[in-house]
Amino acid sequence: MLCLKCVLSFWTLCQVIKQAHPADSCSPVVQIKPQAGFLMVNIGKNCLWDEHGDHCHYVVNYGREGEKLEEYVSKSPETLRGLEIGGRYCVQVRYVCYHKPFGTSSSLQCVSIPESKRTRHTRIVAISVTLTMLLGFLVVGLAFIYRHHKKFKQFLRPPLQLPDHYREYLSGDFPQQALSITRTRTYEEIHDLISIVCCEEDQSDREQD
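This is the structure in structure tokens:
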């Protein structure tokens with residue numbers, strides 16, 4: 001199978017190839033390999049570079065997934081650096097020959113940028129040390145509270161305070177005026193009750209007469 005797509009293209013750059021080249025195509029064959037903080041872009045060799053390598057190059061479009069892709073021009077496999085760890089980036093490559101786009105672009109490939117093994121190991125160690133320290137503080141705190149729980153209970157118990165009038169009454173300083181008023185009210189209530197009873201008895205005697 002000849003490089004038929006290239007022959008049918010406007011420039012017919014691959015028509016000089018007489019033998020079969022199954023791997024050749026006017027669409028770049030791209031392999032991307034994510035590393036810690038960067039992305040390696042490997043582009044397969046094409047028949048264009050055999051005859052027109054000085055006039056052709058790659059255009060690598062890359063960027064975060066869902067955002068506008070940036071353009072980077074290169075003639076060799078490229079390493080895209082300065083990428084955010086944990087971010088997801090997409091790559092698409094196309095050919096440019098004689099300052100004009102050639103063929104079709106590669107399929108859009110998206111990958112996540114991983115963290116390095118050293119960073120991952122450091123993070124795991126830091127988390128483990130932090131959890132161990134917190135657990136140690138918790139155990140020591142619980143043991144201390146259990147040992148001195150009686151003191152904590154006494155310290156947290158609210159003070160017992162009687163109202164002022166109760167303290168005055170118990171100490172004998174309760175105002176005499178308040179006592180006399182209370183006694184007068186009690187006497188008046190008893191007297192009124194007796195008066196009412198007497199009045200009712202007088203009225204019944206009068207009715208009988």
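So the sequence shown is numbered by full-length UniProt numbering: it starts at 1 and just counts up by one. Just so it is clear, CB atoms sit at the ideal spot from N, CA and C, and this is done for glycine as well. Source: prediction; values computed, not measured.
Check                                                                                                                                                                                : Outcome
If you drop the 5 nearest sequence neighbours on each side, which residues of the same chain put their C-beta closer than 8 Å to that of P158?                                       : none
According to DSSP, simplified to helix, strand and coil, what is L138?                                                                                                               : helix
Apply the 10 Å Cβ neighbour rule to V73 and answer buried if 16 or more other Cβ atoms are within range, or exposed otherwise.                                                       : exposed
Classify T12: buried if its beta carbon has 16 or more other beta carbons within 10 angstroms, exposed otherwise.                                                                    : With a pLDDT of 48 at T12, under the threshold of 50, the modelled position of that residue is not reliable, and no figure is offered here.
Considering Cα atoms alone, identify which of C97, C110, E70, L80 is closest to R88.                                                                                                 : C110
Assign F129 to buried or exposed, taking buried as 16 or more other Cβ atoms, counted over all protein chains shown, within 10 Å of its Cβ.                                          : For the record, residue 129 in the displayed sequence is Val; it is not Phe. So V129 counts as exposed.
Residue range of the alpha helix (DSSP H) that K151 falls in?                                                                                                                        : 149-156
If we call anything under 8 Å between Cβ atoms a contact, is F38 one with R81?                                                                                                       : yes
Shortest alpha-carbon distance to H99 belongs to which of K151, G44, V59?                                                                                                            : V59
Run through the UniProt domain "Interferon/interleukin receptor" (45-113) for me and flag every whole beta strand (DSSP E) of 3 or more residues, listed as ranges in chain order.   : 56-64, 70-74, 78-81, 88-97, 100-102, 109-112
Please report the distance separating the alpha-carbon of K151 from that of D164.                                                                                                    : 29 Å
Determine whether the beta carbon atoms of S105 and V96 lie at a separation below 8 Å.                                                                                               : no
For A36 and H149, I'd like the C-alpha separation in whole angstroms.                                                                                                                : 52 Å
Between the Cα of P101 and those of M40, H55, L156, spot the shortest distance and give me the residue it belongs to.                                                                : H55
In chain order, what residues of the same chain lie with their CB nearer than 8 Å to the CB of E70, ignoring the 5 residues before and after it?                                     : N61, Y62, G63
What is the rounded straight-line gap between the Cα of N42 and the Cα of G86?                                                                                                       : 21 Å
Give every residue of the same chain whose Cβ lies closer than 6 Å to the Cβ of C90, excluding the five residues on either side of it in the sequence, and list them in chain order. : E65, L108, C110
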